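Novice:
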Amino acid sequence: MAKFVGAGRKEGKREKEGKGRNVKIWIAEKEIALRENDRWKGEEGKQTQKTLSSDLQSHRISDRNRRNWANNSVLSISRLSEMEIENDDRGGYKRIHQRLGSTSRQPDRGGKVCFQWRAGHCTRHPCPFLHSEQDPSNSKRSLGWRNPSTGGSGGGPNNGGHQSKWGKGRHGENSNSNSNAGRLNGGVGTSGGDRPCKFFVSGNCSFGDRCRYPHSWSFGEGFSLITPLKGHEKVVTAIALPSGSDKLYSGSKDKTVKVWDCQTGQCTVSIPMGGEIGCMICEDPWLFVGIPDSIKVWNTQTGAEMNLPGPTGQVYALAAANDMLFAGTQDGKILIWRFNAATNCFEPATFLVGHRLAVISLVVGGPKLYSCSMDNTIKAWDLTTLQCVQTLSDHTNVVMSLLCWEKFLLSCSLDSTVKVWVHNSKEQLEVTYTHTEEHGVISLCGMHDVQGKPVLLCSLNDNTVRLYDLPSFNERGKIFAKQEVRAMQTGPNGLFFTGDGTGELKVWTWSTN
1 MAKFVGAGRK
11 EGKREKEGKG
21 RNVKIWIAEK
31 EIALRENDRW
41 KGEEGKQTQK
51 TLSSDLQSHR
61 ISDRNRRNWA
71 NNSVLSISRL
81 SEMEIENDDR
91 GGYKRIHQRL
101 GSTSRQPDRG
111 GKVCFQWRAG
121 HCTRHPCPFL
131 HSEQDPSNSK
141 RSLGWRNPST
151 GGSGGGPNNG
161 GHQSKWGKGR
171 HGENSNSNSN
181 AGRLNGGVGT
191 SGGDRPCKFF
201 VSGNCSFGDR
211 CRYPHSWSFG
221 EGFSLITPLK
231 GHEKVVTAIA
241 LPSGSDKLYS
251 GSKDKTVKVW
261 DCQTGQCTVS
271 IPMGGEIGCM
281 ICEDPWLFVG
291 IPDSIKVWNT
301 QTGAEMNLPG
311 PTGQVYALAA
321 ANDMLFAGTQ
331 DGKILIWRFN
341 AATNCFEPAT
351 FLVGHRLAVI
361 SLVVGGPKLY
371 SCSMDNTIKA
381 WDLTTLQCVQ
391 TLSDHTNVVM
401 SLLCWEKFLL
411 SCSLDSTVKV
421 WVHNSKEQLE
431 VTYTHTEEHG
441 VISLCGMHDV
451 QGKPVLLCSL
461 NDNTVRLYDL
471 PSFNERGKIF
481 AKQEVRAMQT
491 GPNGLFFTGD
501 GTGELKVWTW
511 STN
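In terms of full-length UniProt numbering, the sequence shown opens at residue 1 and continues consecutively.
What follows is the structure in structure tokens.
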């Protein structure tokens, strides 16, 4: 033990001697510079000489204090110049600053502004955040495109419009809603950026009002959270709201369908299904629920129920049109049942083969049925002949969701894109605009706000839902969730619903302001 102590003392002595030699060399260089200064004339030489003299005197004092401190301390002199690295779990960054008062470089915080500086009382030095407003010139922009004449009627975007501009980008020059996206819907700590405090999300932030990160489930203006609905134990996979009903239905991988009273927000019934719910739709008066190897059917008016066997594996997608029910299954098939009004039952009709992997979304638009699959493709089927008329292969990863709006087909994929398709002169779909996200897109939902403006909801696999104006794709705001939002549904009077991976539903509304 004494051997190691003695070696340490010798090492410290050598360090001090080396440090002393370096200081002497520095002082000698300063003295030479002063002697050279004696030859300088004019005001500039006097000012420089004064600066060097002051610098030299202060360093001599610092050197004397350093030697005295080193003689009375058990710490090595080399500790004086060490850098301290403090891991900040909240932000995931490192603050680096020197202990001897040298200039410290502020870590790159991605342009985030210090909220204490904004309030006029930041005491941190150095502060890891900016003490200036963010330069808006760094905002991302995307290219624009023009759509052909939409014509037609319906509740989609550009009702009766002609040659509307699309895709100006979330920070485009003609965006009128971006200013709204800069505010949080309630909560505190609004200067930490547009991401919520992760401890707030998990329910245990100890900073409260002093937290630099937002305590809010949304970012933007024009919409707000009404209430959460808690009851499911696993991811919510489907939400349905029958027209004119005061009941909301939700399905989950916890193998239950829950019925919620729209007046009280309470779960009134929990129905065990015997399998994970893969999808659910409501076509008045019928409620269809897809589970492994079967489809459950309820008449919401009479309470009658039936079971439709036939699928192989999980049923991931359902759609209904022209008295036909379509089901996309795990084995890549699309099964079809026809409704028999005489017997008030659904009878097996045929099935469509074309996809190599599971069909995970179905949507009917005009005279066609559109399907997308884990094989990265979209197929268009003629509803009269039930033949595949086109296969679209522009996506490079799983196509997760489809949405028909007016004469446009929108698709989203884990390749982080939302593609807008339109028919050309040969009645073939082609991509007319591609919107790119930073994360994979897992679901789409379209609606109108209370002012009648079309809005697209895009759920991403970074646990957010982005809200965009259409056709500009200007961002209206964001919704945050504890886990991925797998289910979205719209309701009357500006209501819409989200269901996430924790089993929680949230009820949102567009405001009239």
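For glycine and all other residues, C-beta sits at the position ideal for the given N, C-alpha and C. These figures come from a predicted structure and were not determined experimentally.
Going by Cα to Cα distance, which pick from Ala341, Arg466, Val257 is closest to Ala238?
Specialist: For the purposes of this step, residue 238 is taken as residue 238 along the sequence shown, with counting starting at 1. Among Ala341, Arg466, Val257, the Cα nearest to that of Ala238 belongs to Val257.
Novice: Who pairs with Phe339 in a beta bridge, going by DSSP?
Specialist: Residue mapping note: residue 339 aligns to position 339 of the sequence shown, counting from 1. Per DSSP, Phe346.
Novice: From what residue to what residue does the beta strand (DSSP E) around Phe473 run?
Specialist: Locating residue 473 in the sequence shown gives position 473, counting from the first residue. Counting along the chain, Phe473 falls outside any beta strand (DSSP E), and DSSP gives it neither H nor E.
Novice: Work out the CA separation of Arg210 and Met374 for me, nearest whole Å.
Specialist: For the purposes of this step, residue 374 is taken as the residue at position 374 of the sequence shown. For the purposes of this step, residue 210 is taken as the residue at position 210 of the sequence shown. Each residue's alpha carbon lies about 45 Å from the other.
Novice: Tell me whether the region 244 to 251 and the region 268 to 288 touch, counting them as touching only if at least three CB pairs, one residue from each stretch, are closer than 8 Å.
Specialist: A contact exists between the region 244 to 251 and the region 268 to 288.
Novice: From the DSSP output, which residues share a beta bridge with His435?
Specialist: On the sequence shown, residue 435 is found 435 positions in, with the first residue counted as 1. For His435, which the question treats as bridged, DSSP gives the partners Val418.
Novice: From Leu225, Lys230, Cys279, Asn204, pick the residue whose C-alpha is nearest to that of Gly251; which is it?
Specialist: By 1-based counting over the sequence shown, the position of residue 251 is 251. Comparing Cα positions, the closest option is Cys279.
Novice: Compare the C-alpha of Gly265 against each of Glu504, Trp510, Ser511 and name the closest.
Specialist: On the sequence shown, position 265 is the one that residue 265 refers to. Among Glu504, Trp510, Ser511, the Cα nearest to that of Gly265 belongs to Glu504.
Novice: Going by C-alpha distance, which of Arg338, Gln314, Ala342, Asn340 is nearest Thr329?
Specialist: Counting from one through the sequence shown, the residue named residue 329 turns up at place 329. Residue Gln314 is the option with its Cα nearest to Thr329.
Novice: Nearest to Asn463 by CA position, among Gly440, Lys453, Gly354, Val455, is which residue?
Specialist: Residue mapping note: residue 463 aligns to position 463 of the sequence shown, counting from 1. Taking only the C-alpha atoms, the option nearest Asn463 is Gly440.
Novice: Give me, in chain order, the residues of the same chain whose beta-carbon lies closer than 6 Å to that of Arg99; leave out the 5 immediate sequence neighbours on both sides.
Specialist: The sequence position of residue 99 within the sequence shown is 99, counting from 1. Note that Arg99 has pLDDT 32, beneath the 50 cutoff, so the model's placement of it is unreliable and the number below is only indicative. Cβ neighbours of Arg99 beyond the five flanking positions: none.
Novice: Going by beta carbon distance, what residues of the same chain come within less than 7 Å of Asp331, once the five residues before and after it are set aside?
Specialist: In the sequence shown, counting from the first residue as 1, residue 331 sits at position 331. Correct list, in chain order: Thr312, Gly313.
Novice: With Gly274 and Lys255 assumed to form a contact (beta carbons below 8 Å), what rounded beta-carbon distance in angstroms separates them?
Specialist: Here residue 274 refers to the residue found at position 274 when the sequence shown is read from its first residue. Here residue 255 refers to the residue found at position 255 when the sequence shown is read from its first residue. About 7 Å; that satisfies the 8 Å criterion.
Novice: Roughly how many whole angstroms lie between the Cα atoms of Ser142 and Val420?
Specialist: Within the sequence shown, the letter at position 142 stands for residue 142. Within the sequence shown, the letter at position 420 stands for residue 420. Note that Ser142 has pLDDT 31, beneath the 50 cutoff, so the model's placement of it is unreliable and the number below is only indicative. So the alpha carbons of these two residues sit roughly 14 Å apart.
Novice: Helix, strand or coil for Leu495? Go by DSSP, reduced to three states.
Specialist: If you number the sequence shown from 1, residue 495 lands on position 495. In the structure shown, Leu495 sits in a strand (DSSP, three-state: E or B).
Novice: Taking its Cβ as the centre, do 16 or more other Cβ atoms sit within 10 Å of Pro492, making it buried, or is it exposed?
Specialist: Counting from one through the sequence shown, the residue named residue 492 turns up at place 492. That one is exposed.
Novice: Are the Cβ atoms of Ser361 and Ser413 separated by less than 8 Å?
Specialist: Here residue 361 is taken as the residue at index 361 of the sequence shown, counted from 1. Here residue 413 is taken as the residue at index 413 of the sequence shown, counted from 1. Cβ atoms of Ser361 and Ser413: not closer than 8 Å.
Novice: Taking C-beta to C-beta, are Pro228 and Lys506 nearer than 8 Å?
Specialist: Walking along the sequence shown from the start, residue 228 turns up at place 228. Walking along the sequence shown from the start, residue 506 turns up at place 506. The answer is yes: Cβ separation under 8 Å.
Novice: Per DSSP, what kind of secondary structure is Arg466 in: helix, strand or coil?
Specialist: Start at 1 with the first residue of the sequence shown, and residue 466 comes out as number 466. Strand, per DSSP.
Novice: CB-CB under 6 Å to Glu430, same chain, minus the five flanking residues each way: which ones, in chain order?
Specialist: As a working mapping, residue 430 is identified with position 430 in the sequence shown. Taken in chain order, the residues that qualify are Asn424.
Novice: Using 8 Å for Cβ pairs, my map puts Ser511 next to Phe223. What's the rounded Cβ distance?
Specialist: As a working note, residue 511 is residue 511 in the sequence shown. As a working note, residue 223 is residue 223 in the sequence shown. Their Cβ separation, rounded to whole angstroms, is 7 Å, which keeps Ser511 and Phe223 in contact under 8 Å.
Novice: State the beta-bridge partners of Gly290 as determined by DSSP.
Specialist: As a first step, residue 290 is located in the sequence shown; it is residue number 290 there, counting from the start. Answer is Cys279, Ile295.
Novice: Curious, which full-length beta strand (DSSP E) runs of at least 3 residues does the region 229 to 257 contain?
Specialist: Those beta strand (DSSP E) runs which fall completely within the region 229 to 257 and span 3+ residues are 236 to 240, 247 to 252.
Novice: One question on the structure: do Val359 and Ala317 come within less than 8 Å of each other, judged by their Cβ atoms?
Specialist: Within the sequence shown, the letter at position 359 stands for residue 359. Within the sequence shown, the letter at position 317 stands for residue 317. Yes; because the gap between Cβ atoms is below 8 Å, this pair is in contact.
Novice: Got a sec? Which residues, its chain only, sit under 7 Å from Arg356 by beta carbon, not counting five neighbours each side?
Specialist: As a position in the sequence shown, residue 356 is number 356, starting the count at 1. Here the set comprises Gly332, Asp375.
Novice: Relative to the C-alpha of Leu392, which residue among Ser411, Leu225, Thr498 is closest?
Specialist: Counted from its first residue, the sequence shown places residue 392 at position 392. When only C-alpha atoms are compared, the closest one is Ser411.
Novice: As a quick exercise: from Ser459, Gly446, Asp500, pick the residue whose alpha carbon is nearest that of Thr490.
Specialist: Counted from its first residue, the sequence shown places residue 490 at position 490. Cα-wise, what sits closest to Thr490 is Gly446.
Novice: Hey, how far is the Cα of Leu225 from the Cα of Leu495?
Specialist: Counting from 1 along the sequence shown, the entry for residue 225 is found at position 225. Counting from 1 along the sequence shown, the entry for residue 495 is found at position 495. Near 10 Å, if we compare the C-alpha coordinates of Leu495 and Leu225.
Novice: Taking the C-alpha atoms as reference points, what is the distance between Ala321 and Glu233?
Specialist: By 1-based counting over the sequence shown, the position of residue 321 is 321. By 1-based counting over the sequence shown, the position of residue 233 is 233. If I take the Cα positions, the gap works out to 33 Å.
Novice: Only counting runs of 3 or more residues, tell me where the beta strand (DSSP E) segments fall wholly within the region 302 to 331, in order along the chain.
Specialist: Counting only runs of 3 or more, we get 305 to 309, 315 to 321, 324 to 329.
Novice: So what does Trp381 bridge to, in DSSP terms?
Specialist: The count along the sequence shown starts at 1 and reaches residue 381 at position 381. According to DSSP, which records beta bridges pairwise, Trp381 is partnered with Leu369, Cys388.
Novice: Classify Val353: buried if its beta carbon has 16 or more other beta carbons within 10 angstroms, exposed otherwise.
Specialist: Here the question's residue 353 lines up with position 353 in the sequence shown. The residue is exposed, with fewer than 16 neighbouring Cβ atoms inside 10 Å.
Novice: Counting C-beta neighbours from all protein chains within 10 Å, is the total for Gly452 16 or more, i.e. buried, or is it exposed?
Specialist: For the purposes of this step, residue 452 is identified with residue 452 of the sequence shown, where counting begins at 1. Looking at its Cβ environment, which holds fewer than 16 other Cβ atoms inside 10 Å, Gly452 is exposed.
Novice: Is the beta carbon of Glu475 closer than 8 Å to that of Leu460?
Specialist: For the purposes of this step, residue 460 is taken as residue 460 along the sequence shown, with counting starting at 1. For the purposes of this step, residue 475 is taken as residue 475 along the sequence shown, with counting starting at 1. Against a cut-off of 8 Å, the Cβ pair of Glu475 and Leu460 comes out as no contact.
Novice: Under the three-state reduction of DSSP, which class applies to Arg210: helix, strand or coil?
Specialist: Within the sequence shown, the letter at position 210 stands for residue 210. Arg210 falls in the helix class under three-state DSSP.
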